[in-house]
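K.L.:
In my numbering, the protein residues as written are 155 to 314. First, the structure itself, so that you have it in front of you.
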Amino acid sequence: MPKHSETRHLPYTPEQLFNLVADVPSYREFLPWVAAVRVRSDSDTEMVADLVVGFKGLRENFTSLVHKRRPDSIRVEYVDGPLKYLHNDWGFRPDGQGGTLLDFSVDFAFRSAIFEMLAGQVFDRALRKMINAFEERAAELYGTGTDAPGISSSSATSAA
């Protein structure tokens, strides 16, 4: 059961980071392995979305309920797909200097023992690739933030 949590200091506003994470329809443009996205419903506070994720010939469909509390947090609740469960939380706290302390956590387990074993072997590498994709997308959308606080990771934990 892979899990990970960390806090990062990023040179963007909570609103900018909230908008980036809440823009699920754009995930296909920048997140590795996301092959397709379909938003079933969307409001200011909730979204139901399907993601097709593909890796080395494997394709899986995930349905999630996304709870949005602008600009403070986003919680992803697993609805359907190959997982037993998924807990994914994003928190956006102003740092008082124009940047944000981003709190991120993910915890999930596959129904299949084989997928669970494979996920454990590549989890850290895949997670880093996805986190980097979000940071690169933020820089693309909002600039590098050279006049704001620097990007740094302040704490991280993971277990497979």
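We treat Cβ as the ideally placed atom computed from N, Cα and C, and that holds for glycine.
On the DSSP bridge list, what partners appear for Y232?
P.N.:
Looking at the DSSP assignment, Y232 forms a beta bridge with S218.
K.L.:
Got a sec, what are the start and stop residues for the alpha helix (DSSP H) V175 sits in?
P.N.:
It spans P168 to A176 - the alpha helix (DSSP H) in which V175 sits, taken as one unbroken run.
K.L.:
What does DSSP give as the partner residue(s) for W244 in the beta ladder?
P.N.:
Answer is I228 and F258, bridged to W244.
K.L.:
With a Cβ-Cβ cutoff of 8 Å, do D226 and G245 count as a contact?
P.N.:
It is a contact, given that the beta carbons lie within the stated cut-off.
K.L.:
In chain order, what residues of the same chain have a beta carbon less than 7 Å from the beta carbon of Y232, not counting five sequence neighbours either side?
P.N.:
Only S218, Y239 and L240 meet the Cβ criterion.
K.L.:
If we ignore side chains and look at the alpha-carbon of each, how far apart do V178 and A190 end up?
P.N.:
Each residue's alpha carbon lies about 10 Å from the other.
K.L.:
Per DSSP, what kind of secondary structure is S266 in: helix, strand or coil?
P.N.:
S266: coil per DSSP, three-state reduction.
K.L.:
With a CB to CB cut of under 8 Å and the five nearest residues on each side skipped, what residues in its chain are close to G235?
P.N.:
Taken in chain order, the residues that qualify are E214, N215, F216 and T217.
K.L.:
Mapping the DSSP letters down to three states, classify L281 as helix, strand or coil.
P.N.:
L281: helix per DSSP, three-state reduction.
K.L.:
Contact between the segment 283-293 and the segment 197-215: three or more CB pairs below 8 Å?
P.N.:
With the cut-off at 8 Å, the segment 283-293 and the segment 197-215 do not touch.
K.L.:
Just curious, the beta strand (DSSP E) that L205 is in, first and last residue?
P.N.:
Unbroken beta strand (DSSP E) run through L205: E200 to F209.
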